[in-house]
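Novice:
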Amino acid sequence: MEISPMELFQKEAPDVASAFNGLIQSLIASKGLDQKTKQLIYIAMKTAMGDSIAVKAHLPMAKAVGATRDEVIDAVLLTLTVSGISGVVKCLPEVIRIYDEK
């Protein structure tokens, strides 16, 4: 079985991975935005970067905090004005497929 990039990161650089995870937990705990908004922003940023792996990883989290299908699609589509079509065509099909899975 193939190891995920995050598992490899944790295996090869455990101290750095631990510090990174602490940063993530601090961002999750910050009070400025609700969790749904944070997930939608993260999905949009990762779409703009063309990082479909991260988008797929965060989609279930977004759904779990109440993000609707339309909200997730809008987050993906908003990246068109920032980074063009490449991230949208890379990420949108998987977003729809995963969101629609039961």
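Here the sequence shown stands for residues 1 to 102, where the numbers follow the UniProt record's numbering.
No residue lacks a Cβ here, since even glycine has one placed at the ideal position from N, Cα and C.
With DSSP collapsed to three states, give me the class of I73.
Specialist: Correct three-state label for I73: helix.
Novice: Could you please give the first and the last residue of the uninterrupted alpha helix (DSSP H) stretch that includes G22?
Specialist: Element bounds for G22: P14 to A29.
Novice: Compare the beta carbon distance of I98 and K56 with 8 Å and say whether it is the shorter of the two.
Specialist: For I98 and K56, yes; Cβs fall inside 8 Å.
Novice: Could you have a look at L92 and say whether DSSP puts it in helix, strand or coil?
Specialist: Helix, per DSSP.
Novice: Only counting the same chain, and skipping five residues up and downstream in sequence, which positions put a Cβ closer than 6 Å to that of L92?
Specialist: V76.
Novice: Taking three-plus beta-carbon pairs below 8 Å as touching, is the stretch 64-75 in contact with the stretch 30-47?
Specialist: Because the criterion of three Cβ pairs below 8 Å is met, the stretch 64-75 and the stretch 30-47 touch.
Novice: Could you round the C-beta distance between A48 and S83 to whole angstroms and report it? I think they count as a contact, below 8 Å.
Specialist: 4 Å between Cβ atoms; contact.
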